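Residue numbers (this note's numbering): 859 to 1319.
A short write-up of the structure that comes next.
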Amino acid sequence: MKARNFKRILEHATASLIVVFAVATASASGQGQPSGSFPKTASSNHPPAHQSQGNEGVALSANTNQQALPEINPALRNASGTLSTDNILDASRGETEVDPSKNYQGMLDKAIQHKRDKLFTLAEELFVRVLNSDAPVELHRTACLELALMAQDNKQNARAQQIFSQFVSRFPDDPDTAEVMLRQGLLYREMGAPVMALSKFYAVMTTALRLKLDRLDYYKRLVLQAQTEIADTYYLQGKYGEAAEFQQRLLKLDSPLLNRSQIVYKLIRSLAALKRDSEVVAQSDVFLAHYSDSADLAEVRFLMADSLKKLGRTRDAMQQVLLLLKTQQAASTNRPADWVYWQQRTGNDIANQLYKEGDYINSLEIYRTLSMLNTNVTWQMPAWYQMGLVYERLQQPQKAADIYGQILAREKEATGDNASASLGAVFDMSRWRKEHLEWQLKLERKTALVKAGSEDAAATR
């Protein structure tokens, strides 16, 4: 029921926001309306998408004199990766100049410097003094945000939430309110309160509707990230049905800021968890066609091969496995360990499935290809051992015995970092199977000689 209510809120808020954005854009046409910049995220996987900085304030309520609101608060602008996400492409922030004529400005500057120097007790004391003083409202806003962000940086999440809530309560029409709510949602999710997190993400959208949109791009980006965080919250909870639904909605948006490769990747994982194999294959085709340089390519090939195998498309699954095993790591220079992991897992999983189903020829091809990826004893010996088992199943005991012999010839290499209990078991089993096969071959030769002698004796009679 909660999920359905959230969906209705999302649909209504998104539709309303689109109308408001359109009206705001039309009214600003030809006037060079500035757009707001969004705090830079900490994601290192995506290129920056620059936005222009808003320089004009928004109108206050009818009960106050018309005056310009300040820029997006520098406390938020300079915060370290609190809004880190891989769903949104990075944007530059720009700098906000401090007005030196403000009272208590020196005290606030000193508090911020203490915070940067990790002198948190001194910094907190000065922030609180500013908040308890008759300093201008702008300095109160900055001190409150700095205090909350400092608590968050020190993993005092409950205290950070309390201060953020005080900010929203004290400055409900502040242009920073929507971003503060987004940060609250991320904090709630980190604290293990996904329902509260979702409510904050939806609040970002409803809050953006009532704020004056002279910083249109800024609020658009906040709303877009809130939408992606809703999908991610379901995804991280393991609620893959809801996650897949929201991921598919995101992919229908025409936003250049959306990191589509990450959304498609998460959608593929959600669909795989739901065992919707046909959709996994379809979305994997899209991913391979458009994001072939992604560091997640290896895992996508694994999920695609696994789904193809479950759909009975063995040859197509084989093709994906062999492509992964034969492809160099050029596409994964940032995460080479992940690439190797998915090569090994994909090869082993699919080859083992084929072996259990009696498809020994195809399993042998995968094991052989897998063994050639790396000559290290810890990688190659397990693959060779599996090849030996396949040769036994194919009634080729001599080839199997030869493989086991090659394994034992490299036993001395299993020292130091190469030594492990599992590798030791491979050598022990290879030794036992080799001895058994040699005994079997010797017995077969003797039996053949006895049989041949009997036939010769019968022929001379």
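For glycine and all other residues, C-beta sits at the position ideal for the given N, C-alpha and C.
None of the values given here were measured: they were computed from a predicted structure.
### Same chain, Cβ closer than 8 Å to GLN1264, neighbours up to 5 away in sequence not counted
On the sequence shown, position 406 is the one that residue 1264 refers to. Once the five neighbours on either side are set aside, the close Cβ partners of GLN1264 are TRP1242.
### Query
With 8 Å set as the bound, which would you pick, yes or no: does the beta-carbon of LEU1111 sit closer than that to a beta-carbon of chain D?
The structure shown contains no chain D; it is built from a single protein chain.
### Message
Here's a check: name, in chain order, each residue in its chain whose Cβ is nearer than 7 Å to the Cβ of SER1142, leaving out the five neighbours to either side.
### Response
Numbered from its first residue, the sequence shown carries residue 1142 at position 284. Answer for SER1142: ILE1126, VAL1158, LEU1161, MET1162, listed in chain order.
### Query
Hey, would you say LEU1281 sits closer than 8 Å to THR1236, going by beta carbons?
Start at 1 with the first residue of the sequence shown, and residue 1281 comes out as number 423. Start at 1 with the first residue of the sequence shown, and residue 1236 comes out as number 378. Against a cut-off of 8 Å, the Cβ pair of THR1236 and LEU1281 comes out as a contact.
### Task
Output the distance between the C-alpha atoms of ASP1034 and LEU1069, rounded to the nearest integer angstrom.
As a first step, residue 1034 must be located in the sequence shown, where it is residue number 176. As a first step, residue 1069 must be located in the sequence shown, where it is residue number 211. Approximately 10 Å between the Cα atoms of the pair.
### C-beta atoms of THR1091 and ALA1036 nearer than 8 Å
Position 233 of the sequence shown, counted from the first residue, corresponds to residue 1091. Position 178 of the sequence shown, counted from the first residue, corresponds to residue 1036. Contact flag unset, no.
### Message
To test your reading of the DSSP string, which unbroken alpha helix (DSSP H) runs of 4 or more residues are found completely within the region 1124-1165?
### Response
1135-1148
### Query
Do you know how far the Cα of GLY964 is from the Cα of THR1044?
Reading the sequence shown from its first residue, position 186 is the one you call residue 1044. Reading the sequence shown from its first residue, position 106 is the one you call residue 964. Looking at the sequence itself, residue 1044 is Leu, so the reference to Thr does not match. So the alpha carbons of these two residues sit roughly 32 Å apart.
### Query
In terms of residues, what are the limits of the alpha helix (DSSP H) holding ILE1224?
Position 366 of the sequence shown, counting from 1, holds the residue named residue 1224. Where ILE1224 is concerned, the enclosing alpha helix (DSSP H) stretches over 1218-1229.
### Nonlocal neighbours in the same chain, by C-beta distance under 6 Å from TYR1149, ignoring five residues either side
The count along the sequence shown starts at 1 and reaches residue 1149 at position 291. If we look at TYR1149 and ignore the five residues flanking it on each side, its Cβ neighbours are SER1119.
#### Entry: CB contact flag (ALA1130, VAL1138, <8 Å)
Within the sequence shown, the letter at position 272 stands for residue 1130. Within the sequence shown, the letter at position 280 stands for residue 1138. Yes.
### Task
Measuring alpha carbon to alpha carbon, tell me which of ALA1209, TYR1098, LEU1082 ends up nearest PRO1114.
Position 256 of the sequence shown, counted from the first residue, corresponds to residue 1114. Out of ALA1209, TYR1098, LEU1082, LEU1082 has the C-alpha closest to the C-alpha of PRO1114.
### Task
Output yes or no for whether 8 Å exceeds the beta carbon distance between ARG1291 and GLY1246.
Mapped onto the sequence shown, residue 1291 falls at position 433. Mapped onto the sequence shown, residue 1246 falls at position 388. Result yes, Cβ atoms of ARG1291 and GLY1246 sit closer than 8 Å.
### Query
Touching or not, the region 1086-1100 and the region 1046-1063, by the rule of three or more beta carbon pairs under 8 Å?
yes
### Message
If contact is defined by three or more beta carbon pairs under 8 Å, each pair taking one atom from either stretch, is the region 1000-1018 in contact with the region 980-989?
### Response
yes
### Buried or exposed by the 16-neighbour rule on C-beta atoms within 10 Å, applied to PRO1128
As a first step, residue 1128 is located in the sequence shown; it is residue number 270 there, counting from the start. Note that residue 1128 corresponds to Ser in the displayed sequence, not to Pro. Label assigned to SER1128: buried.
### Task
Take PRO905 and list the residues in its own chain whose beta-carbon comes closer than 6 Å to its own, dropping the five residues that flank it on each side.
In the sequence shown, counting from the first residue as 1, residue 905 sits at position 47. With a pLDDT of 38 at PRO905, under the threshold of 50, the modelled position of this residue cannot be trusted, and the question is left open.
### Query
Taking buried to mean at least 16 other C-beta atoms within 10 Å of its own C-beta, is ARG1028 buried or exposed?
Looking up residue 1028 in the sequence shown gives position 170. Exposed.
### Query
So who's on the other strand from LEU1116, going by DSSP bridges?
For the purposes of this step, residue 1116 is taken as residue 258 along the sequence shown, with counting starting at 1. ILE946, per the DSSP bridge assignment.
### Task
Just mark GLN1201 as buried or exposed, buried being the case when its beta carbon has 16 or more other beta carbons within 10 Å.
Reading the sequence shown from its first residue, position 343 is the one you call residue 1201. With 16 or more other Cβ atoms within 10 Å, it is buried.
### Query
Are the CB atoms of LEU1295 and PRO1240 nearer to each other than 8 Å?
Counted from its first residue, the sequence shown places residue 1295 at position 437. Counted from its first residue, the sequence shown places residue 1240 at position 382. Going by C-beta atoms, LEU1295 is not nearer than 8 Å to PRO1240.
### Task
For my contact list, ASN1012 and PHE978 are in at a C-beta cut-off of 8 Å; report their separation, rounded to the angstrom.
What you label residue 1012 is simply residue 154 of the sequence shown in a count that begins at 1. What you label residue 978 is simply residue 120 of the sequence shown in a count that begins at 1. 6 Å between Cβ atoms; contact.
### Query
Could you give the distance in angstroms between the alpha-carbon of THR1305 and the alpha-carbon of LEU1132?
Mapped onto the sequence shown, residue 1305 falls at position 447. Mapped onto the sequence shown, residue 1132 falls at position 274. Straight-line Cα distance between these residues: approximately 56 Å.
### Message
Once the 5 residues before and after VAL1038 are set aside, which same chain residues still bring their CB inside 7 Å of it?
### Response
Working through the sequence shown from its first residue, we reach residue 1038 at position 180. Excluding sequence neighbours, VAL1038 sits near PHE1022, PHE1025, VAL1026.
#### Entry: Spatial distance of GLN1019 from ASN945 (CA atoms)
Sequence index remark: in the sequence shown, residue 1019 carries index 161 (1-based). Sequence index remark: in the sequence shown, residue 945 carries index 87 (1-based). Those two C-alpha atoms are separated by around 24 Å.
### Message
Please classify ASP1275 as buried or exposed, where buried requires at least 16 neighbouring CB atoms within 10 angstroms.
### Response
Reading the sequence shown from its first residue, position 417 is the one you call residue 1275. Under this definition ASP1275 is an exposed residue.
### Query
How big is the Cα-Cα spacing for ALA1140 and ALA1153?
In the sequence shown, counting from the first residue as 1, residue 1140 sits at position 282. In the sequence shown, counting from the first residue as 1, residue 1153 sits at position 295. Whole-angstrom Cα-Cα distance: 19 Å.
### Message
Less than 6 Å between C-beta atoms, sequence neighbours within five positions excluded: which residues of the same chain meet that for ARG1268?
### Response
By 1-based counting over the sequence shown, the position of residue 1268 is 410. So the qualifying residues of the chain are VAL1235.
### Query
Would you report the Cα separation of LEU966 and THR1185, rounded to the nearest angstrom?
Indexing the sequence shown from 1 puts residue 966 at position 108. Indexing the sequence shown from 1 puts residue 1185 at position 327. Straight-line Cα distance between these residues: approximately 56 Å.
### Query
How is TYR1029 classed by DSSP in three states: helix, strand or coil?
The residue labelled residue 1029 in the question sits at position 171 within the sequence shown. According to the sequence provided, residue 1029 is Phe. The question's Tyr does not apply to it. Coil, per DSSP.
#### Entry: Secondary structure of ALA1175, DSSP reduced to three states
As a first step, residue 1175 must be located in the sequence shown, where it is residue number 317. DSSP places ALA1175 in helix when its eight states are reduced to three.
### Task
Might you give, ordered along the chain, the residues of its own chain that have their beta carbon closer than 7 Å to the beta carbon of ALA1258, omitting 5 neighbours on each side?
Residue mapping note: residue 1258 aligns to position 400 of the sequence shown, counting from 1. Closer than 7 Å at the Cβ level, and outside the excluded window around ALA1258, lie GLY1246, TYR1249, GLU1250, LEU1295.
### Task
Pick out whichever of ALA1156, ASP1207, ARG1226, GLN1244 has its Cα sitting closest to the Cα of VAL1198.
Here residue 1198 refers to the residue found at position 340 of the sequence shown. For the residues ALA1156, ASP1207, ARG1226, GLN1244, the minimum Cα distance to VAL1198 belongs to ALA1156.
### Query
Can you give the beta carbon distance from ALA1066 to TYR1077, rounded, assuming they're within the 8 Å contact cut?
Here residue 1066 refers to the residue found at position 208 when the sequence shown is read from its first residue. Here residue 1077 refers to the residue found at position 219 when the sequence shown is read from its first residue. Their Cβ separation, rounded to whole angstroms, is 5 Å, which keeps ALA1066 and TYR1077 in contact under 8 Å.
### Task
Whole angstroms is fine: what's the gap from ALA1277's alpha carbon to ASP1286's?
What you label residue 1277 is simply residue 419 of the sequence shown in a count that begins at 1. What you label residue 1286 is simply residue 428 of the sequence shown in a count that begins at 1. For ALA1277 and ASP1286, the distance between alpha carbons rounds to 13 Å.
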